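One structure is given below, encoded as structure tokens.
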Amino acid sequence: MIIQFPTQYKDELLYSAISRYHLRSGNLSYLYTLEDLFGKRTITATPILPCGIQKLISRLPKHTTLTEKLLIEQHTLYPFYTAFLPEEKAVSIFNQMIGDDGKKLYTTACIMSSSVSQNKFFHFCPLCFEEAEQGERYWNRLHQLPGQLICNKHYVLLEKSTVRLIQSDRCSFILPTAENCKYNEIRYVTEPLKRQYMLLLELIDELLSNPIKHYSYQEWTKFYQKLLLQKGYGKFNSQVRIDQMKLQDDLLHFYSDEFLKKLGMTSTVWVRLMVQKHRQSFHPYHHLLMLGFLGVKVEDIPTIMNSISAISFKKPVVTPPIKPTNPKILERIEDRRQEWLQLQEKYPNKSKSELRKMQPAVYTYLYRYDRNWLEMNSPKLSSRKAINKRVDWEQRDKELLKKVKKATADLLLRTEKLRRITIKALGDETGELALLEQQLSKLPKTKAYIESVKETEEEFRERRIRKVIERMRVKGESIQNWKVIREAGINAKFYSEIKELRYYK
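Written out as structure tokens, the structure reads:
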């Protein structure tokens, strides 16, 4: 049982509170902290969506007021990433977070497939940092949202620390300090940009303070189409038709390019997809930007959702073509046929849709009275030729080998936070993990080199011992077995391997 766990500040990440526990506990290894809090060392307590929370609660004192729900909703980004997901997905993510296995968390939350990328490093507000100079500094969960945001308290741009948000190793608990949170100046934003930021941050604050009910993809489709119809962006006859060009132009006029780029949005295809039938989830930013554009508050969503049943999604009934018998109509049909064929002869590269726009009356007449002939005598859809994107694997092998050699050298030169040399470690260092894990058989030189340098667990333990002894020599410390083993973080069960340290001395 844990005697005392740090009291969390408002909007402090659970990861940050664990980091404070690690510091106060005096544990030499992060693994010891994992064992204290979760009862095992294999838990991966990631900053954004951590797992193992049920184990953590079970090890706290019985009188604690902390619960799994409170930690997840108030000290992780669960309410942000699940707000616009269907209920079954949100429940699945919650259950994975309270459980021990979080391997599919980011996939279930659609973070991996999103066009909006996660930040790689923790962000912080320099003014918040200065205010906490006499107290405790911590990682604010709002500051870790994707993109380049501003502080919702001081309205200045957040700065990037040197602490990884997406961690290369399995676990490390690092608090903000003067060393890892350096900045040159306080950066303010222009008033127009500030107004756009504040609109977004107010909606995020509403979302985190008052979580909404989870709705299905179909309900979100009807939600946006109803609002857009009310705003004059479409018509509703037998089905909803949205003027997507006008919508996109107005929305991109409402939000500046600079603002969207700071959020990590380089494409605007999401605007078109959001007003079509939802077959996938969209990033919370997409929803929040659309809500802000339409002037809707988070608290208004349930009321609007309750009124969307009037919109029908039934497809219009297709009427069969009319079979004429009147000689005059038959004569006109023949004339229209000739006009349609002449139009194709004049514009051989035009598609059926393009020809239809050029002569809408001719097309409509034939569609009504002679549809089968029209289908047989119109340009066919041209299939796109696949572009041959052959990879020069020999060249890629040479380039990757250089990166892997440098990464190996960097790992071996480290004196702190040592990592065992594995494919995973080399992939993290080079940024080519997927290539090394999935295509290594096509990279013979790189593969052979990795086979020659990768370490067994025993070799890695030996390297850690060597590093500790080297450090102790430089400091002029007495080299004692127990001290070397402790500083190297070697488990007691491996003591017999290294009992005789004269070899290393």
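Going by our numbering, the sequence shown opens with residue 312, and the numbers climb by one from there. We treat Cβ as the ideally placed atom computed from N, Cα and C, and that holds for glycine. Here the structure is a predicted model, which means the values were calculated and not measured.
Item: Range covered by the beta strand (DSSP E) that runs through Val474; Value: Glu470 to Arg475
Item: Same chain only: Cβ atoms within 7 Å of Phe435, ignoring 5 sequence neighbours per side; Value: His454, Leu469, Glu470, Ser472, Pro487 and Cys492
Item: The segment 714 to 723 contacting the segment 753 to 771, beta-carbon criterion three pairs below 8 Å; Value: yes
Item: Rounded C-alpha distance that separates Arg475 from Phe534; Value: 38 Å
Item: Other residues of its chain near Leu514: CB distance less than 7 Å, five sequence neighbours each side excluded; Value: Leu599, Leu602, Gly603 and Val609
Item: Cβ-Cβ distance between Leu605 and Lys542 below 9 Å; Value: yes
Item: Outcome for Asp568 when other beta-carbon atoms lying within 10 angstroms are tallied against a minimum of 16; Value: exposed
Item: Per-residue DSSP class, three states only, for Tyr544; Value: coil
Item: Three or more C-beta pairs below 8 Å linking the segment 573 to 590 and the segment 523 to 540; Value: yes
Item: Three CB pairs or more closer than 8 Å across the segment 395 to 407 and the segment 426 to 433; Value: no
Item: Beta carbon of Leu460 nearer than 9 Å to that of Lys573; Value: yes
Item: Val673, DSSP secondary structure in three states; Value: helix
Item: DSSP state of Tyr320 mapped onto helix, strand, coil; Value: coil
Item: Start-to-end residues for the beta strand (DSSP E) that takes in Ile497; Value: Element bounds for Ile497: n/a, residue is neither H nor E.
Item: Pair within 9 Å by beta-carbon distance, Leu747 and Val702; Value: no
Item: Residues near Leu666 in its chain [Cβ-Cβ closer than 6 Å; skip 5 each side]; Value: Leu654
Item: Collapsed DSSP secondary structure at Gln315 in the structure displayed; Value: coil
Item: Continuous alpha helix (DSSP H) stretch holding Ile368: start and end; Value: Ile364 to Ser369
Item: Cβ pair Ser424, Trp581 closer than 9 Å; Value: no
Item: Reduced DSSP category for Ile553 - H, G, I as helix; E, B as strand; rest coil; Value: strand
Item: Straight-line Cα distance separating Tyr341 from Tyr814; Value: Residue placement at Tyr814 is flagged as unreliable, the pLDDT there being 44, under the threshold of 50; a coordinate-derived value is accordingly withheld.
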